[in-house]
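Comments concern the structure below.
Following this line, the structure appears as structure tokens:
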């Protein structure tokens, strides 16, 4: 079963039979305490799990590694893996699927005590686009949308900067995709930014992977981000919010993790991401657990159906019933929902109803499908004995269903009959899950009548089969296979599913089965199946580097992972060694490249090595709001001299890097490189239109009227805004143009403040701590004898041994604030003659700048 949870950046649609809207609530309230979900078992049950893995062409995938907790196994030729007596969890068991050449797939199944089923569609790692890491680029997603990469933002798996070609697999999964439930990872269930579990409603999903030309994984560098554009489905366009939560799938935790938000822009959501996985736009909801049972009129579990629950407009969660018709999962709490039952063998909805809202876990009444139905029953046998380890492959057109056979070899299941399947052929084949032996295909025309069939896997002789590859082409460009027969008696007849009748056959990708019969005893026969993949086509991926200044500096480099298996390399018939994946020291010209494997397979390509007369100089710009930072060089090896030309015409020589503190000039910066061996040169220029500097500066320690004067050094834009904070509270704000000075009252406001400076190009946030004295200043004071008397005094002194941070105290002054002039007045000499009022005892340095103060009320 899959996805009874809703997630943003992914959507799923699937359903089955009719449901009645009445329900019974559990008494216990679902806990909302913080918890972290990981793929561990919390409430285990013993059960069976039938896993079916297939691709985007609806073909089964063999040899896929399936992991359920600590239990693993590989799918057979039919894409099937059956786990018997495996530990499963009522709260969700994570199923992980891996296969080389595919994006990792997964599912979440909820234990019910019956035989569970899981269907996973693996997505092929196609190359959706590519770009040079140094230049960045934009790649269009398969299915719509795009992802943008900035220059020099890619690193290798171990975090090293990567400068080569980046290949991208990028797929968009629409919430309208009927197969979304099988494509998306896990369930629509996540951990929000507060650490709480939530069920999700999705507005779309993307899967992106980056790799180099050898298939090695790449990622975004720390501190860098890529922009992802998610198309909004037409069915959701009018109802989705302006911003929506952004989630990525964590395969270790088996759940979605909230990481920021996406913003609505027209018919798209736009988000910035710092790494790649599956990303999803979803609205989070508190969750409850639900169960129901889907049955047909005869009380038998409905087969070939799935259930969806919608939280409009936030998409659909999907679940497949077990062999008893039970389906369970996580759904949004306290939300009105729509439940649907659909058949994945036929289009259309079999049932729909509004349910909820639910504040507690809930068991819905049984869903009874009130349409016509037909039953399929029988036994899987080996001659007359029941086969205890078998499963059925049931096909209707291109739809495939895997049904586990009971331990006694019997099977019985019920399909809903509707207009789309009447008159169509239902094909059934039995497979021995231990040996891979198969029965013949039994075909039936659906006419509404029950079907009874016994399927025989082995026959009245000791015949067994093996299918092996016999490609005569050393490069293995065709899928040629031969069936080898053990037992029986020659001659044999051969019948492949594709109609070929020889022991040797050319097979298409997919599942291929052959039936071999002893001509002298037609009752002696055997059937064997094999999963065939597309043949490997060896093509050289060659990139040429030019011959610079006629110095035989050209090269041809190869990115294929198998190039080091090549025994001989030839250029125009002359054998050359391979050096670090390249054929080097080449002059300009066109070359025929031959690469010969040990087995004689030879691959050819033609490559042009160009000639250039100028050195290919490059400049990387890492300028920040604190400094000009340029770095350059030459694409190639050699002994070079470097010269920088600045906007004012001055030059700086002998370094490929240029770093200038702020402020720096805007304009054109050029780097010239000269090859000291040949005299060949090249030049590259870059325009810097932002002086990059933004700061708040004290004017040389200048203080005025016992405060400090600060100047905004602007970033070259047309204006700025300055916000002053103390204790995280904004106390002042200013705005100005290119130059601005403001006054800080040290005596009243203290020695520490923070500021946020916002300009046209840059923004800076920092904290200012002025030099300050930490000792006591006031020893005591004598108030004036009356309101009109002038006989008050203040006893003030300082200990030179007290701490003074970044300062040296000089003397104490006593000040009064004059409201009329807006200035402090020095009244130190009047001590002993003070009237009633407010005085400030201030310690200053030798320049008269304040270092500390105490307020005295007389």
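In my numbering, the protein residues as written are 2 to 859.
Cβ coordinates follow ideal geometry from the N, Cα and C atoms, glycine included.
Just so you know, these numbers come straight off a predicted model, no measurement behind them.
query: Test item: CB-CB of residue 260 and residue 247 under 7 angstroms; result: yes
query: Beta strand (DSSP E) runs wholly inside the segment 144–208, at least 3 long, in chain order; result: 147–150, 155–157, 166–174, 190–192
query: Identity of the residues DSSP links to residue 723 by a beta bridge; result: 735, 758
query: Helix, strand or coil at residue 789 [DSSP, three-state]; result: coil
query: Neighbour-count burial assignment, residue 505, 16 or more Cβ in a 10 Å radius; result: exposed
query: C-beta contact flag for residue 556 and residue 530 at 7 angstroms; result: no
query: For residue 533 and residue 509, the rounded distance between their alpha carbons; result: 7 angstroms
query: Under the three-state DSSP convention, the category residue 38 falls into; result: Residue confidence is low: residue 38 scores 34 on pLDDT, short of 50, so the model does not pin down where it sits. Its coordinate-derived value is still stated next. DSSP places residue 38 in coil when its eight states are reduced to three.
query: Inter-residue CB distance, residue 615 and residue 587 (contact presumed, cutoff 8 angstroms); result: Contact doesn't hold; Cβ gap of about 19 angstroms is too wide.
query: Contacts around residue 707, its chain only, beta-carbon distance under 7 angstroms, and the 5 residues preceding and following it disregarded; result: 747, 748, 816, 825, 843, 851
query: Same chain, Cβ closer than 7 angstroms to residue 573, neighbours up to 5 away in sequence not counted; result: 592, 593
query: Simplified DSSP assignment, three categories, for residue 413; result: strand
query: Opening and closing residue of the beta strand (DSSP E) in which residue 382 lies; result: 374–383
query: Ranges of the beta strand (DSSP E) found wholly within the segment 415–472, counting only runs of at least 3; result: 426–433, 443–446, 452–459, 465–470
query: Coil, strand or helix - residue 553 by DSSP; result: coil
query: Residue 714 - DSSP class collapsed to helix/strand/coil; result: strand
query: Neighbour flag for residue 685 against chain D, beta carbons, 7 angstroms; result: The chain labelled as chain D is not found in the depicted structure, where only one protein chain is given.
query: Residues that DSSP places opposite residue 255 in a beta bridge; result: According to DSSP, residue 255 bridges with nothing at all.
query: Same chain only: Cβ atoms within 8 angstroms of residue 750, ignoring 5 sequence neighbours per side; result: 727, 732
query: Which residues DSSP lists as bridging residue 90, in chain order; result: 45
query: For residue 854: DSSP bridge partner residues; result: 843
query: Cβ separation of residue 619 and residue 639, assumed to be a contact under 8 angstroms, to the nearest whole Å; result: At roughly 14 angstroms, the Cβ-Cβ gap does not stay under 8 angstroms, so residue 619 and residue 639 are not in contact.
query: Of the listed residues 62, 80, 527, nearest to residue 441 (C-alpha basis); result: 527
query: Whether residue 846 touches residue 809 by CB criterion (7 angstroms); result: yes
query: Close-in-space but distant-in-sequence residues of the same chain around residue 72 (CB under 7 angstroms, 5 per side omitted); result: 84, 87
query: Three-state secondary structure assigned by DSSP to residue 565; result: helix
query: Pairwise C-alpha distance: residue 424 and residue 446; result: 6 angstroms
query: Integer Cβ distance of residue 342 from residue 306, believed to fall under 8 angstroms; result: 6 angstroms
query: Local Cβ density within 10 Å of residue 176, reported as buried at 16 or more and exposed below that; result: buried
query: Whether residue 168 touches residue 131 by CB criterion (7 angstroms); result: yes
query: Start-to-end residues for the alpha helix (DSSP H) that takes in residue 672; result: Residue 672 -> not in any alpha helix (DSSP H); beta strand (DSSP E) instead, spanning 668–676.
query: Per-residue DSSP class, three states only, for residue 225; result: coil
query: Residue range of the alpha helix (DSSP H) that includes residue 684; result: Segment 682–689 is the beta strand (DSSP E) holding residue 684; no alpha helix (DSSP H) there.
query: Backbone secondary structure at residue 369 - three-state DSSP; result: strand
query: Residue 12 versus residue 434 - alpha carbon distance; result: Low per-residue confidence applies at residue 12: pLDDT is 25, beneath 50, and the placement is therefore not dependable enough to give any value.
query: Supposed close pair residue 515, residue 495 - CB separation, criterion 8 angstroms; result: 6 angstroms
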